[in-house]
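A.B. asks: Pasting a structure below so you can have a look.
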Amino acid sequence: MNSAFDAEILADFLVEAGELVAGLGDQLLALEDAPDTPELLNAVFRAFHTVKGGAGFLAIDPMVRLCHCGEDLLNEARAGRVRLDAEYVDALLNTLDCLQQMLAALRAGSAITAAPTGLLDRLRVRAAQVSASAATPVPLAADAATLLASPKHDAVEGEFEALLAMAGVASEPVAAAAGDTIDDSEFEALLDELYGPGKVPGQSAPPPPTADCATAAPMSDDEFEALLDALEGDATQGAASSDDTAASANDSGMAPSPAAPATRVIPPAAALPMPRTAPVPVADRTIRVDTARLDALVNLIGELVLVRNRLTVLSADSTDERTERAIAELHRVADDLQLAVMRTRMLPIGKLFGRFPRIVRDISRQLGKQIDLVLEGEDTDLDRNLVDALADPMVHLVRNAVDHGIEPPEARLRVGKPATGTLRLMATQEGERIVIRVRDDGRGMDPEVLRSKALEKGLLTADQAERLSEGECFDLIFLAGFSTRQEVSDISGRGVGMDVVKTRVAELGGTLAISSELGRGSEILVSLPLTLATLRSLMVRISGRVYAIPMINVLEVFELSPNAISRVDDRDVIAHRHRALPLRHLGAWLDPVSAETAMRGHVVVVHVGHRQLGCVVDQVIGRDEVVVKPLGRLLHHVAGISGATITGDGRVALVLDVAQLPDAVESQARAAGVH
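For the sequence shown, the working numbering begins at 108 and goes up steadily by one.
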């Protein structure tokens, strides 16, 4: 087989198997809650069987053996001889973990590590124990796969072998026909050898198909089930007759005579209802596209936005009405094209949420807690790159809520709460932002405890701690090294993580905010842009240079009055909306040598969590849509700067990282002795 063809088949298998394995986690957890649901059992069994079949075709033996062991266990459950309890589900979930590791190795082109012997033995032993102790009859199969796997199928195979023997066929073709590797052409050749082309023993050649038969739609699932039921009924009767005959012969002391092959009557096709023409499946109207191609297309759209902005600046002084109309039409078409391309790279956030039921189940069992996970807004679309980048931060937020937030059952019962806690993950689109909420009904947080912990660790002075609002006390958990846990566990309590989550979300252009009520629970709000490709920004001028501030962080802009500035704790503040708004002079931060503290200009009010900050700039130019380019390797870790863009007049403008801005300005001010 051609190596390029092999690679293409492997790529298709990795996509299909990855989707099946990803879906199996949710199905197994649902099966744990409803183990007697035949639809779920059959779906899980078919998924294992499909992965095993693809792995067998590609000769991936470790994956075949692992899937086969999982099938054995599921077969016992489908046959009604075992009930899938938590221990069984654990074994199958461990099997999924091993399958995912194998698929990851295949994607990386590395060697596959065989499944641990203990896992294979565990699956085999449990299945064998159930098989040995089973005394209940096998119920009627729920679908064709169950029918073929049931003992009744042996009767059908016996009849088929008897027919082959009557036709005088050697055993070798029969063995070939029973093999797993026979293809369609070999099967057709075998039938022709048995019966001759187009003929069955005892029947005349079928008449040529009519026009109606030639155009008939494929047999539906219901018709196929009906046909199998008819075949199964006859096979069961034949098997029962043979058993009775054998029993009578044994009772009389005589050897049983060979049973005559049972005559099976297949209902004519005309007796079955004619199926209606089925609509074209959705899959036939979809194609798989390499994500690298989508990324290249998105980058080209970004370049188009830059060219559009450039044309807008160049045509600003034009008085030609036709030019203005053409530029306006270009804006409309570019916006529509950008939206269409962005949608091709969007994924439902359910792809991200789908991993959390397993995480919550495992951690809650480890901690002895009872937790219901509720997912809302799973169909909310988000940029694929954001979905991938959010995985680790969201996992930490969920683990933190399960460990820190929700109490053990006995503690909940003591305060009048139900023993089972609730953790909600909600996603909504609000304008040009995606808002994700992680909400629990646990113990909540005490702002006074947070305040005292910050003092104890030396993170704040007494005066600073006294002036903190309740919301600012909650934001203390995002400081590096801050933790309220006295003990350290494998899950949390080491004082790391939440600051990393905040930094990672900030790198994605988002913000974090937390609210809590003591005894009622907490909520963490993650706000992100819809896409990372373009960014709506407020363009400002500072010390003669143009900078971009993401609009997602901007609350308002007002003109600076020098007489309104006051000094508190050696820092500039301004009275605004009945509160003291801290000011940061960005000119002194960006150009500390030559810049002077500005007393005129504009104040851009930005928010970082519960904090509000007034950024003093020389001039507000206006809003614009920019394409953010990453900084080079040498400038990647510059605090307060997240990237760069090209303005409409061709100049380079730096994009400010608002989440890191307060700390960056504060650090520079302390180093220079300027406040």
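Every residue gets a Cβ at the ideal spot worked out from N, C-alpha and C, and that includes glycine.
Would you mind sorting Gln445 into buried or exposed? The rule is 16 or more other CB atoms within 10 Å of its CB.
C.D. replies: Locating residue 445 in the sequence shown gives position 338, counting from the first residue. Buried.
A.B. asks: Check whether the stretch 731 to 742 and the stretch 391 to 405 touch, using three or more Cβ-Cβ pairs below 8 Å as the test.
C.D. replies: No: fewer than three Cβ pairs fall under 8 Å.
A.B. asks: For Asn406 and Thr202, what's the separation of their Cα atoms in angstroms?
C.D. replies: Looking up residue 406 in the sequence shown gives position 299. Looking up residue 202 in the sequence shown gives position 95. Approximately 40 Å between the Cα atoms of the pair.
A.B. asks: Please confirm if Gly565 has its CB atom under 9 Å from at least one CB of chain D.
C.D. replies: The structure shown has no chain D; it contains just one protein chain.
A.B. asks: Let me check understanding here. Comparing Cα to Cα, which of Glu624, Leu165, Thr430, Gln726 lies closest to Met646?
C.D. replies: For the purposes of this step, residue 646 is identified with residue 539 of the sequence shown, where counting begins at 1. Looking at the Cα atoms, Gln726 is the closest of the given residues.
A.B. asks: Can you check whether the CB of Arg415 is closer than 9 Å to the CB of Leu437?
C.D. replies: The count along the sequence shown starts at 1 and reaches residue 437 at position 330. The count along the sequence shown starts at 1 and reaches residue 415 at position 308. Cβ distance < 9 Å, so Leu437 and Arg415 count as in contact.
A.B. asks: Would you mind sorting Ile656 into buried or exposed? The rule is 16 or more other CB atoms within 10 Å of its CB.
C.D. replies: Position 549 of the sequence shown, counted from the start, is the residue given in the question as residue 656. With 16 or more other Cβ atoms within 10 Å, it is buried.
A.B. asks: Measuring straight from C-alpha to C-alpha, what distance separates Pro636 and Gly617?
C.D. replies: Here the question's residue 636 lines up with position 529 in the sequence shown. Here the question's residue 617 lines up with position 510 in the sequence shown. Approximately 7 Å, taken between the alpha carbons.
A.B. asks: Determine the DSSP secondary structure at Met552, reduced to helix, strand or coil.
C.D. replies: Mapped onto the sequence shown, residue 552 falls at position 445. In the structure shown, Met552 sits in coil (DSSP, three-state: anything other than H, G, I, E or B).
A.B. asks: Grab me the residues of Gly475's own chain with a C-beta within less than 7 Å of its C-beta, minus the 5 sequence neighbours each way, in chain order.
C.D. replies: Translated into the one-based positions of the sequence shown, residue 475 becomes position 368. Here the set comprises Pro515.
A.B. asks: With Asp461 and Gly628 assumed to form a contact (beta carbons below 8 Å), what rounded beta-carbon distance in angstroms separates them?
C.D. replies: Numbered from 1 along the sequence shown, position 354 holds the residue referred to as residue 461. Numbered from 1 along the sequence shown, position 521 holds the residue referred to as residue 628. The amino acid at residue 461 is misidentified as Asp; the sequence shows Gly. Not a contact, Cβ separation roughly 24 Å.
A.B. asks: Bridge partners of Arg686, per DSSP?
C.D. replies: Position 579 of the sequence shown, counted from the first residue, corresponds to residue 686. Note: Arg686 sits in a beta bridge opposite His683.
A.B. asks: Just to confirm the assignment, what range does the beta strand (DSSP E) spanning Ser673 have?
C.D. replies: Position 566 of the sequence shown, counted from the first residue, corresponds to residue 673. Start and end: 672 to 675.
A.B. asks: Taking 8 Å as the cut-off, does the stretch 418 to 434 touch the stretch 446 to 454 (at least 3 CB pairs, one atom from each stretch)?
C.D. replies: No contact exists between the stretch 446 to 454 and the stretch 418 to 434.
A.B. asks: So what does His709 bridge to, in DSSP terms?
C.D. replies: On the sequence shown, position 602 is the one that residue 709 refers to. For His709, which the question treats as bridged, DSSP gives the partners Glu666, Val724.
A.B. asks: Can you give the Cα-Cα distance for Gly708 and Tyr654, rounded to whole angstroms?
C.D. replies: Here residue 708 refers to the residue found at position 601 when the sequence shown is read from its first residue. Here residue 654 refers to the residue found at position 547 when the sequence shown is read from its first residue. Those two C-alpha atoms are separated by around 15 Å.
A.B. asks: Among the candidates Glu123, Asp119, Asp133, Leu121, whose CA atom is the shortest distance from the CA of Val467?
C.D. replies: Mapped onto the sequence shown, residue 467 falls at position 360. Minimum Cα distance to Val467 is reached at Asp133.
A.B. asks: Between Ala534, Ala613, Val481, which lies nearest to Ala496 when the distance is taken from Cα to Cα?
C.D. replies: In the sequence shown, counting from the first residue as 1, residue 496 sits at position 389. When each option's Cα is compared against that of Ala496, the closest is Ala613.
A.B. asks: In whole angstroms, what is the alpha-carbon distance linking His692 and Asp582?
C.D. replies: As a working note, residue 692 is residue 585 in the sequence shown. As a working note, residue 582 is residue 475 in the sequence shown. Answer to the nearest angstrom: the Cα atoms are 23 Å apart.
A.B. asks: Please list the terminal residues of the continuous beta strand (DSSP E) segment that includes Ile631.
C.D. replies: By 1-based counting over the sequence shown, the position of residue 631 is 524. Its beta strand (DSSP E) spans residues 628 to 636.
A.B. asks: Under the three-state reduction of DSSP, which class applies to His511: helix, strand or coil?
C.D. replies: Stepping through the sequence shown from its first residue, residue 511 is reached at position 404. It is helical.
A.B. asks: Rounding to the nearest angstrom, what Cα-Cα distance links Asp553 and Leu625 in this structure?
C.D. replies: Numbered from 1 along the sequence shown, position 446 holds the residue referred to as residue 553. Numbered from 1 along the sequence shown, position 518 holds the residue referred to as residue 625. Each residue's alpha carbon lies about 6 Å from the other.
A.B. asks: Considering only their Cβ atoms, is the gap separating Val712 from Leu662 smaller than 9 Å?
C.D. replies: Counted from its first residue, the sequence shown places residue 662 at position 555. Counted from its first residue, the sequence shown places residue 712 at position 605. Contact flag set, yes.
A.B. asks: Since Val633 contacts Ile543 with CB under 8 Å, what's their CB separation in whole angstroms?
C.D. replies: As a position in the sequence shown, residue 633 is number 526, starting the count at 1. As a position in the sequence shown, residue 543 is number 436, starting the count at 1. Confirmed, Cβ separation roughly 4 Å.
A.B. asks: When you compare only the Cα positions, how much space is there between Ala189 and Ala129?
C.D. replies: To locate residue 189, count along the sequence shown from 1; it is residue 82. To locate residue 129, count along the sequence shown from 1; it is residue 22. Position check: residue 189 holds Val in this sequence, whereas Ala was assumed. Answer to the nearest angstrom: the Cα atoms are 25 Å apart.
A.B. asks: Use the C-beta contact count for Arg686: other C-beta atoms within 10 angstroms, 16 or more gives buried, fewer gives exposed.
C.D. replies: Indexing the sequence shown from 1 puts residue 686 at position 579. Answer is exposed; the Cβ neighbour count stays below 16.
A.B. asks: Could you tell me the distance, in whole angstroms, from the CA atom of Leu567 to the CA atom of Ala561?
C.D. replies: Residue mapping note: residue 567 aligns to position 460 of the sequence shown, counting from 1. Residue mapping note: residue 561 aligns to position 454 of the sequence shown, counting from 1. Distance between the alpha carbons of Leu567 and Ala561 is about 6 Å.
A.B. asks: For Met381, which three-state DSSP category applies?
C.D. replies: In the sequence shown, counting from the first residue as 1, residue 381 sits at position 274. Note that Met381 has pLDDT 44, beneath the 50 cutoff, so the model's placement of it is unreliable and no number is given.
A.B. asks: May I ask you to report which of helix, strand or coil DSSP gives Pro737?
C.D. replies: Taking the first residue of the sequence shown as 1, we reach residue 737 at position 630. DSSP places Pro737 in coil when its eight states are reduced to three.
A.B. asks: Looking at Ala620: is its Cβ nearer than 9 Å to the Cβ of Gly551?
C.D. replies: One-based indexing of the sequence shown puts residue 620 at position 513. One-based indexing of the sequence shown puts residue 551 at position 444. Going by C-beta atoms, Ala620 is not nearer than 9 Å to Gly551.
A.B. asks: Determine the direct distance from the alpha carbon of Leu227 to that of Leu639, and round the result to whole angstroms.
C.D. replies: As a first step, residue 639 is located in the sequence shown; it is residue number 532 there, counting from the start. As a first step, residue 227 is located in the sequence shown; it is residue number 120 there, counting from the start. So the two alpha carbons sit approximately 44 Å from each other.
A.B. asks: Compute the Euclidean distance between the alpha carbons of Ala441 and Leu404, then round it to the nearest angstrom.
C.D. replies: Here residue 441 corresponds to residue number 334 of the sequence shown, with the count starting at 1. Here residue 404 corresponds to residue number 297 of the sequence shown, with the count starting at 1. Their backbone Cα atoms lie some 13 Å apart in a straight line.
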